[in-house]
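S.K.:
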Amino acid sequence: MSSWTKNERQFVVFTAVFAGFILATPQAFAMHIMEGYLPVTHSILWSVISLPFLAAGIVSIRRTIRDRRKALILLAMSGAFVFVISSLKIPSVTGSCSHMTGTGLAAILFGPAAVSVLGIIVLLFQAILLAHGGITTLGANTFSMAIAGPFLSWAVYLLCKKLGVNRKAGIFLAAMLGDLFTYCVTSLQLSLAYPSESGGIAASAVKFLGVFAPTQLPLAVIEGILTVVMVIGMETYAKPELREIGFLREGVK
Numbered sequence: 001m002s003s004w005t006k007n008e009r010q011f012v013v014f015t016a017v018f019a020g021f022i023l024a025t026p027q028a029f030a031m032h033i034m035e036g037y038l039p040v041t042h043s044i045l046w047s048v049i050s051l052p053f054l055a056a057g058i059v060s061i062r063r064t065i066r067d068r069r070k071a072l073i074l075l076a077m078s079g080a081f082v083f084v085i086s087s088l089k090i091p092s093v094t095g096s097c098s099h100m101t102g103t104g105l106a107a108i109l110f111g112p113a114a115v116s117v118l119g120i121i122v123l124l125f126q127a128i129l130l131a132h133g134g135i136t137t138l139g140a141n142t143f144s145m146a147i148a149g150p151f152l153s154w155a156v157y158l159l160c161k162k163l164g165v166n167r168k169a170g171i172f173l174a175a176m177l178g179d180l181f182t183y184c185v186t187s188l189q190l191s192l193a194y195p196s197e198s199g200g201i202a203a204s205a206v207k208f209l210g211v212f213a214p215t216q217l218p219l220a221v222i223e224g225i226l227t228v229v230m231v232i233g234m235e236t237y238a239k240p241e242l243r244e245i246g247f248l249r250e251g252v253k
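According to the numbering used here, the sequence shown is numbered sequentially starting from 1.
1. So what's S204 in DSSP terms, helix, strand or just coil?
2. By the 10 Å Cβ neighbour count, where 16 or more other Cβ atoms means buried, how is A44 classified, buried or exposed?
3. Candidates D67, G233, T136 and I128: which alpha carbon is nearest F110's?
4. Is there contact between the region 172 to 189 and the region 140 to 152, where contact requires at least three CB pairs shorter than 8 Å?
5. I need the straight-line Cα distance from I135 to V48, nearest angstrom please.
6. Less than 7 Å between C-beta atoms, sequence neighbours within five positions excluded: which residues of the same chain meet that for P39?
7. Please report the distance separating the alpha-carbon of V82 from that of G200.
8. At which residue ranges does the region 104 to 141 contain complete alpha helix (DSSP H) runs of 4 or more residues, listed in the order of the chain?
9. Quick one: what does DSSP say S198 is sitting in, helix, strand or coil?
10. Here's the rule I'm using: 16 or more other beta-carbon atoms within 10 Å means buried, otherwise exposed. How should P240 be labelled?
11. Would you call K253 buried or exposed, if buried means 16 or more other Cβ atoms sit within 10 Å of its Cβ?
12. Is E223 helix, strand or coil by DSSP?
13. Output yes or no for whether 8 Å exceeds the beta carbon distance between V117 and I61.
14. For C156, which residues in the same chain have their Cβ closer than 6 Å to its Cβ, ignoring the five residues on either side in sequence?
15. For a quick check, are the C-beta atoms of A169 and S191 less than 8 Å apart?
16. Tell me whether V229 is buried or exposed, calling it buried when 16 or more other Cβ atoms sit within 10 Å of its Cβ.
17. Just the Cα atoms here: how many angstroms apart are Y237 and A220?
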């Protein structure tokens, strides 16, 4: 080590300090709330709140598959999109990690109810296989990523459609805002569980949002762009399927 240059030693020391900082940072500062981080009562509450949405999602998917067999391909593609894009965790400058959600695409194509089922399947696999999230926090993570975010994406897309906004612009806004809303809900969930001593729930929510914001804002924009690209690809290679689910109409681009 004596033969190392000053810059080389500084680089190694900086790397070691940065690694220690990351390891010392609570894992709860990620969009998926880690295993055991929420109090038992909160875990049960969020699970109970999510149940009606999951029931509606099961009914929605069964009807879709029964009435539109070709929709199964798009449904599988949407689920795969959610799994892949939400598994890519990006380190944040604040020591947290952020990632895209991918749920906006499925919400636009099939409605928010169906996404709740796709989302909980993805979250379950991520908790078991990737140690991302947890079983006890599955209800809370499902509500934020697979229910709240998709509902906003769906509402934004319908509003843009009603107002005559360019369809691709509407898809972009729906996916981007749904992503950001997911993180807002996660921040609220964490602040309810751990309110600040000085400012209560509101101050705690601001703190968690501040942790997520540096990386989540650009990631939300990227997710909006990727969702538009996915739709363009589907319009090129899966027009019959898109028409069958009512996303495209004959003679309408």
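Backbone N, C-alpha and C define an ideal beta-carbon position, used for all residues, glycine too. None of these values were measured; they are calculated from a predicted model.
M.R.: To lay it out plainly:
1. Within the sequence shown, residue 204 is the residue found at index 204, counting from 1. Helix.
2. As a position in the sequence shown, residue 44 is number 44, starting the count at 1. At residue 44 the sequence reads Ile, which differs from the Ala that was named. Exposed, because fewer than 16 other Cβ atoms sit within 10 Å of the Cβ of I44.
3. Taking the sequence shown and counting its residues from 1, one reaches residue 110 at position 110. Nearest option by C-alpha distance: D67.
4. yes
5. Mapped onto the sequence shown, residue 135 falls at position 135. Mapped onto the sequence shown, residue 48 falls at position 48. Cα to Cα, the separation comes out at about 14 Å.
6. Taking the first residue of the sequence shown as 1, we reach residue 39 at position 39. Listed in chain order, the non-local C-beta contacts of P39 below 7 Å within the same chain comprise A193, local neighbours out to five positions each way being set aside.
7. Position 82 of the sequence shown holds residue 82. Position 200 of the sequence shown holds residue 200. Going by the C-alpha atoms only, they are around 34 Å apart.
8. 112 to 129 and 138 to 141
9. Residue numbering aside, residue 198 sits at position 198 when the sequence shown is read from its first letter. In this structure, S198 counts as coil in the three-state DSSP scheme.
10. Translated into the one-based positions of the sequence shown, residue 240 becomes position 240. P240 should be labelled exposed.
11. As a first step, residue 253 must be located in the sequence shown, where it is residue number 253. Low confidence applies here, because K253 scores a pLDDT of 47, under 50, leaving its location unreliable and the question unanswered by this model.
12. Taking the first residue of the sequence shown as position 1, residue 223 is located at position 223. Three-state DSSP puts E223 in a helix.
13. Sequence index remark: in the sequence shown, residue 117 carries index 117 (1-based). Sequence index remark: in the sequence shown, residue 61 carries index 61 (1-based). In this structure, I61 lies closer than 8 Å to V117 by Cβ.
14. Taking the first residue of the sequence shown as 1, we reach residue 156 at position 156. The amino acid occupying residue 156 in the given sequence is Val; Cys does not appear at that position. Excluding positions up to five away in sequence, the list reads L173, A174 and L177.
15. In the sequence shown, the residue the question calls residue 169 occupies position 169. In the sequence shown, the residue the question calls residue 191 occupies position 191. Taking 8 Å as the cut-off, the Cβ atoms of A169 and S191 do not count as close.
16. Taking the sequence shown and counting its residues from 1, one reaches residue 229 at position 229. So V229 ends up on the exposed side.
17. Along the sequence shown, one-based indexing puts residue 237 at 237. Along the sequence shown, one-based indexing puts residue 220 at 220. Whole-angstrom Cα-Cα distance: 26 Å.
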